[in-house]
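Here the protein sequences line up with chains A and B, keeping their order. First residue of the first sequence: 13, per the working numbering; consecutive thereafter. First residue of the second sequence: 13, per the working numbering; consecutive thereafter.
2 protein chains.
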Amino acid sequence: MNISGQAMPTGDGSATQRAYNTLRKMIVTGVLKPGEKLKIDGLRQRLDTGASPIREALSLLTSDNLVERLDQRGFRTAEISAENFNEILTLRCTLEDLALRESIANRTQDWEEDVVLAHHRLRRAKTEGSEAFEEVHKAFHMALLANAQSPILMKFCSQLYDLNIRYRYLAGSALNYQKRDVGEEHSGILEAAIAGNTQEASERLLTHYRLTGEFLSGLLGDGALG
Amino acid sequence: MNISGQAMPTGDGSATQRAYNTLRKMIVTGVLKPGEKLKIDGLRQRLDTGASPIREALSLLTSDNLVERLDQRGFRTAEISAENFNEILTLRCTLEDLALRESIANRTQDWEEDVVLAHHRLRRAKTEGSEAFEEVHKAFHMALLANAQSPILMKFCSQLYDLNIRYRYLAGSALNYQKRDVGEEHSGILEAAIAGNTQEASERLLTHYRLTGEFLSGLLGDGALG
DNA sequence: AATCAATGAAAAATCGATAATATTGAAAGG
DNA sequence: CCTTTCAATATTATCGATTTTTCATTGATT
Numbered sequence: 013m014n015i016s017g018q019a020m021p022t023g024d025g026s027a028t029q030r031a032y033n034t035l036r037k038m039i040v041t042g043v044l045k046p047g048e049k050l051k052i053d054g055l056r057q058r059l060d061t062g063a064s065p066i067r068e069a070l071s072l073l074t075s076d077n078l079v080e081r082l083d084q085r086g087f088r089t090a091e092i093s094a095e096n097f098n099e100i101l102t103l104r105c106t107l108e109d110l111a112l113r114e115s116i117a118n119r120t121q122d123w124e125e126d127v128v129l130a131h132h133r134l135r136r137a138k139t140e141g142s143e144a145f146e147e148v149h150k151a152f153h154m155a156l157l158a159n160a161q162s163p164i165l166m167k168f169c170s171q172l173y174d175l176n177i178r179y180r181y182l183a184g185s186a187l188n189y190q191k192r193d194v195g196e197e198h199s200g201i202l203e204a205a206i207a208g209n210t211q212e213a214s215e216r217l218l219t220h221y222r223l224t225g226e227f228l229s230g231l232l233g234d235g236a237l238g
Numbered sequence: 013m014n015i016s017g018q019a020m021p022t023g024d025g026s027a028t029q030r031a032y033n034t035l036r037k038m039i040v041t042g043v044l045k046p047g048e049k050l051k052i053d054g055l056r057q058r059l060d061t062g063a064s065p066i067r068e069a070l071s072l073l074t075s076d077n078l079v080e081r082l083d084q085r086g087f088r089t090a091e092i093s094a095e096n097f098n099e100i101l102t103l104r105c106t107l108e109d110l111a112l113r114e115s116i117a118n119r120t121q122d123w124e125e126d127v128v129l130a131h132h133r134l135r136r137a138k139t140e141g142s143e144a145f146e147e148v149h150k151a152f153h154m155a156l157l158a159n160a161q162s163p164i165l166m167k168f169c170s171q172l173y174d175l176n177i178r179y180r181y182l183a184g185s186a187l188n189y190q191k192r193d194v195g196e197e198h199s200g201i202l203e204a205a206i207a208g209n210t211q212e213a214s215e216r217l218l219t220h221y222r223l224t225g226e227f228l229s230g231l232l233g234d235g236a237l238g
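The structure is reproduced here in C-alpha cells:
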C-alpha cells in the first residue's frame, strides 16, 4: 500500500498497473465522462495495451466505486448524482473526523514532521486545479490521517477522497469563483493538529470539506453538471 | 448491487463471477488459509476454468481486502492479525451504528417488513455455523442497515462483515463454548429497531458485535489462531 | 400499429499459447 | 561455513484468436 492508503499499484511495473493508474486518473479528472461506456477495444487502443490488463484494471476500479461492472455487458464509469455526492461528503466527514482524531491521539514527532512537510509541499504548489496541485493536496490530507494506524480506514478515506475530487474536476473552473482562502484553511488545520488540539483540528477539517461541498452541491442541484 | 450491498456478481452468469463467488467463500470460510499463496494454475484446475476469470476474480477480491496483490508476484490471501481484527471490529461498530441510526430514522413499513422477514429466516435456520445460517445471518444484519439509503456505506459494512466473519470461521468450533443466547440478542435488536428506539437498537447491536469480538480477540491474543 | 422472432453485427468473455519475471537450488568464490 | 552467482524451473503476465453473449435491425404475424 502506498502513502495515500489506496491499494494502488506501484509505479509502472506491470501493464495492468499502468492501465489502472491511467484509467483512474482519466475517470477522476473527467476525461472519461460519468456513465460512459468503457469499451475494452477502444481503451485497448487508447492505452496501447492488451485486453487482459484493461479488464483487470477495470475490475480493480469497480471496487473503488469508480467503475460499474454489468454482468456480461461490460463496464461503464460510475454515474454521478446529487445523492451520491452528498453521501460521499457525509461519509467523508464522518470517517476523516474519526481518523484525524485517532491520528492526533497517537501523535508522534515523526508524524508531525510528515504533516509539516506535506503542508510545505502543498503551499509550494501554486496552481490550484493542476494535476500536481491535486496530488500534493491529497497527500497533505492523507498525511493528516495516516497516524490513525488503521489501514482499512485509510483506504476508505482515500477512496472517498477520489470520489469527491471527481466532482471537483467536473465542476472545473466554476470552483475558482469561490471567495475563499484555502491556504489559510489548510494552515489552520495543520496548526491545530500538531498542537494536539483535536476538537479544533476536526472542526476546521470538516468546515474545509463542507464549504466546497455546499458549493458543489449547489451546482449539482442546478443541473450545471452532468 | 445485490441485497447485501456487496458488489457481488449476480448468480452464476459468467465464469468470472462464479470464480469470484467461489473464491470469496473459500477465503471467508478458511478453506484458503490466511497468507496462502494463490497460484493461478492451481485455482484454474480447482475451479475448472481459465486463467482470465481467475485473475479477474482475484482482482475484485483484492479491493475487498480479502486478497493481496503483489506486483508481478501473484496473489495471496490477506493475512490475519490481532490488530487487523480489532480494526475491523472498531470500524464495524462505528459504521454499522451510523447506518442503523440512519436506517431507523428513515423507517418505513416496507423496511420493517423486510427486517421482520429476515429475522424470521434467521430464527428458522437452526444450525449455527452452517453455511446456510451464515447467509441468513448476514442478510438479517444487512437488512437492518439497508434503509440508510447509502450504498457506499452499505458496501463498506458488507465488506467489513465478511472480513469479520472470516475470523469467526477461523475460530471454528471454539465459538460454541460461548454461553450466550444469540437468538435473544437478535430479537432484542429487531424489536428496538422496528419500535424506532434508535438508542437501544444501537446499543444492542454494538453489544452483540463486541461480545463475539472480545471472545475472538482473546483467542487471537493467545495465538490460538493463525 | 404493436409485438415478437430471426438475423447479423458488435462487443464481451474466455481460452490457449507465448513472453516476461521471479524463485529455487547448485556450484563457485570468499 | 556463509555468501554470491548463475542457470534451470516455476509462475506470472500478456497477447492474439475463438467462443459466447448482447444489441440493433429487419421482417413477419397478430
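All residues carry an ideal CB built from backbone N, CA and C; glycine is no exception.
- In the three-state reduction of the DSSP assignment, G233/A falls in the helix class.
- Between Y221/A and C105/A, the gap from beta carbon to beta carbon is short of 7 Å.
- In this structure, the beta-carbon distance from A160/A to A111/A falls below 7 Å.
- In this structure, L101/B places its C-beta atom within 7 Å of the C-beta atom of G225/B.
- Within the model, the alpha-carbon separation for R85/B versus I39/B is close to 19 Å.
- Nearest CB-CB separation between E68/A and chain B: below the 7 Å threshold.
- The three-state reading of DSSP puts G54/A in helix, counting H, G and I together.
- Contact annotation, I116/A with G200/A: C-beta distance approximately 14 Å; criterion of less than 8 Å not satisfied.
- In this structure, S214/B lies near D109/B, with their beta-carbon atoms less than 7 Å apart.
- Listed in chain order, the non-local C-beta contacts of A155/A below 7 Å within the same chain comprise D126, V127 and A130, local neighbours out to five positions each way being set aside.
- Each residue's CA atom was taken as its position, placing G62/A and G25/A some 15 Å apart.
- The contact set of L72/A on chain B, defined by CB atoms closer than 9 Å, consists of S71, L72, T74, S75 and R81 in chain order.
- The stretch 66-83 of chain A makes contact with the stretch 58-73 of chain B: 3 or more CB pairs, one atom from each, lie closer than 8 Å.
- Excluding its 5 nearest sequence neighbours in each direction, K138/A has C-beta neighbours in its own chain below 8 Å: F145, listed in chain order.
- Rounded to the nearest whole angstrom, the C-alpha separation of S142/B and V148/B is 10 Å.
- For Q121/B, the closest Cβ of chain A is not nearer than 7 Å.
- Leaving aside the five residues that flank D76/B on each side, the residues in its chain whose CB is nearer than 6 Å to its CB run, in chain order, Q171.
- For the 7 Å CB-CB criterion, L50/B and R88/B form a contact.
- Within chain A, the residues L110 have their CB atoms less than 7 Å from the CB of T106/B, given in chain order.
- Exposure of R135/B is indicated by the presence of fewer than 16 other C-beta atoms within 10 angstroms of its C-beta.
- The C-alpha of C169/A lies about 29 Å from the C-alpha of F227/B.
- Sixteen is the threshold: since fewer than 16 other Cβ atoms of the shown chains lie within 10 Å of the Cβ of D83/B, the residue is exposed.
- Counting of Cβ neighbours within 10 angstroms places Q211/B among the exposed residues, the total staying below 16.
- Close partners of I39/A in chain B (Cβ separation under 9 Å) are lacking, with about 15 Å as the shortest Cβ gap.
- Residues of chain A whose Cβ lies closer than 9 Å to the Cβ of S199/B do not exist; the shortest such Cβ separation is about 29 Å.
- Scanning chain B for C-beta atoms nearer than 9 Å to the C-beta of E99/A yields Q161, S162, P163, I164 and L165, reported in chain order.
- L78/A places its beta carbon 7 Å or farther from that of A94/A.
- When the five nearest sequence neighbours on each side are left out, the beta carbons in the same chain lying within less than 6 Å of the beta carbon of G42/B are those of Y181 and L182, in order along the chain.
- For the C-beta of G25/B, the chain A residues within less than 9 Å are, from N- to C-terminus, D83 and Q84.
- Your pair T28/A and L59/A does not check out as a contact, with CB atoms roughly 11 Å apart and the cut at 8 Å.
- Where T34/B is concerned, the enclosing alpha helix (DSSP H) starts and stops at A27 to V40.
- Here DSSP, grouped into helix, strand and coil, assigns V43/B to coil.
- Apart from the 5 residues on each side of it in sequence, D174/A sits with its Cβ closer than 6 Å to the Cβ of V40 in its chain, given in chain order.
- According to DSSP, G208/B shares a beta bridge with no other residue.
- Of all residues in the stretch 42-59 of chain B, none comes within less than 9 Å of chain A when Cβ atoms are compared.
- Taking E197/B as the centre and dropping the five residues before and after it, the same chain places the C-beta of H220 closer than 6 Å to its C-beta, in chain order.
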